[in-house]
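Take the sequence shown: its letters are residues -27 to -1, 1 to 340, numbered as in mature numbering (1 follows the signal peptide of the UniProt record, and there is no 0). The beta-carbon is built from N, C-alpha and C at its ideal position, and this holds for glycine as well. Note that the structure is a prediction, hence the values are computed from the model and not measured. Step one of this worksheet: look at the structure below.
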Amino acid sequence: MTQSSRRNFLKTSAIGAAAVASSQAFAQPSTVSKKTIAEVQSIEAKQDIETTAKWNDGLAHPIPYKNPPGKGKERGIALGGGGTPLLGFYAGYFNALRKNGVDLGNADVIVGTSAGSIFGSMLTGGRLWLIVDEMDFFNDFPKIFAELVPALQSNDSQKRAMATALAASDGTPATIQRIGKAAMASLNPNGVDKQYKVVEKIIAMTKWPSPAMYTTAIDCFTGERLVVSHKDNVPINVAASASSSAPGQVGPTFVKNRICMDGGIFQTSTHSDVIAGVKRALVFSLGDGTKNEQKQGLRLSDLPNTVNQEVKDLEAAGTKTKHIVAGIPPGITKVENLIDPKWIGAYLKLGWDRGIADAPMMKAFWS
């Protein structure tokens, strides 16, 4: 028997044994251990991942990213996900820095996840500064971002998808695939085509804004991490829509042949390994990467967040790194819904105030 045949035989045998055990479990629930169940789920998850093994779309990039685009570059930014609060924070922070002589838009590589993909697209495509210069910043920005928000009333399928993400306690492929399954089975008000159009209206483009820009998403079926760039011939509004398709709220949406959910539904909310190798890096996240995130409502899932380890890894490899945590505005103890537009104004001010305070430090770091 060849090694390949033996491996397939073992997989088949394990699944068959589990099926028998599962049928017995209806009569005797205690006969199947959690370990056995986890092992079978792991095998099934790997089989789903193997269905794309021969695909040549170039989208799947396991962590750590092999030959990351940040390698050898001067400046890199990881724009993490965080719904409307982080969109507001980004707008306020980046604008305050620019007003004080620090333009973060000159980064050599930017990876955007969820809200970060939308903001990064606006930043690298010039849309951000156009809005800042031509509109009333504090009055008009909340109105623009509010268009991204679907109906806040959720149906049962949406509630199930959101609950599945919040109940996840580990970042295994099986767990992520389970969230993806719930996302695919969710009837969301913004259909795929509508979501593409909404994002296009916000970022005002479909053409990829810059070779420096990268977005992330998660394949709902396989649980694989996807990284999209200008080389993939995907419209930026499609990539950003996929990256911000929060389970039970938006999407899921397609990138080529893959149906995708929010890039933050993974072990990381920032995907900082994409910018590994730069000399200086900024990593932005809504929460602090601890369990405190869930208590404060600052993450869409209860998956582990490796952002703090990512920062350590960047620094250990010789990258000077600043981790900017938005957190929550003064007087607020919990963000109840990350897609509620009511948070935009408060986070816009929080970002502005933090940007003003950080300007001297950032000028010394970024220049």
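DSSP beta-bridge partners of residue i
| i | result |
| --- | --- |
| M234 | I191 |
| A33 | L199 |
| S258 | V298 |
| T226 | C233 |
CA nearest to the CA of residue i, picked from the options
| i | options | result |
| --- | --- | --- |
| N161 | P35, A64, M234 and A289 | M234 |
| W339 | K27, G49, P37 and K44 | G49 |
| Q168 | S216, A332 and L255 | S216 |
| D275 | W102, T9, T25 and A140 | A140 |
| T243 | S6, V84, A64 and P277 | V84 |
| D166 | S214, P184 and I149 | S214 |
| F239 | V5, V13 and G53 | G53 |
| E12 | K170, V171 and T145 | T145 |
| M335 | T292, I297, T9 and I305 | I297 |
| E173 | G31, S90, K315 and A80 | S90 |
| P41 | V223, S130, S245 and M135 | S245 |
| D326 | K19, N68 and W28 | N68 |
Endpoints, beta strand (DSSP E) assigned at residue i
| i | result |
| --- | --- |
| A219 | A219 -> no beta strand (DSSP E), and no H or E assigned at all. |
| F239 | Element bounds for F239: n/a, residue is neither H nor E. |
| K295 | K293 to V298 |
| G53 | That residue, G53, is in no beta strand (DSSP E); it is neither H nor E in DSSP. |
Run of the alpha helix (DSSP H) containing residue i, from where it starts to where it stops
| i | result |
| --- | --- |
| V172 | V165 to I176 |
| K19 | K7 to E23 |
| K322 | K315 to W339 |
| V284 | V280 to A289 |
| K72 | G56 to K72 |
| Q269 | First-last for Q269: undefined, no H or E at that position. |
Neighbour flag for residue i against chain B, beta carbons, 9 Å
| i | result |
| --- | --- |
| A330 | Absent from the structure is chain B; it holds one protein chain and no more. |
Item checked: Stretch-stretch touch, CB-based, cutoff 8 Å, three pairs: the region 200 to 211 with the region 224 to 234 -> yes
Contained beta strand (DSSP E) runs [length at least 3] in the region 74 to 159, N- to C-terminal order = 82 to 86
Open item on the list: For the pair the region 34 to 45 and the region 63 to 72, tell me if three or more CB-CB distances fall below 8 Å.
Closed with: no
Query raised in the report: Okay, do the region 88 to 105 and the region 51 to 66 touch, 3+ Cβ pairs below 8 Å being the bar?
Result: yes
Next on the checklist: Closer than 8 Å is the cut-off here; do at least three beta carbon pairs connect the region 244 to 258 with the region 286 to 294?
Outcome noted: yes
**Request:** Check whether the region 1 to 20 touches the region 172 to 183, counting contact only when three or more Cβ pairs, one atom from each stretch, lie closer than 8 Å.
**Result:** no
Three-pair Cβ contact test at 8 Å for the region 260 to 273 versus the region 300 to 313 | yes
Tell me, please, whether the region 113 to 132 touches the region 312 to 324 by the rule of three or more beta-carbon pairs shorter than 8 Å.
yes
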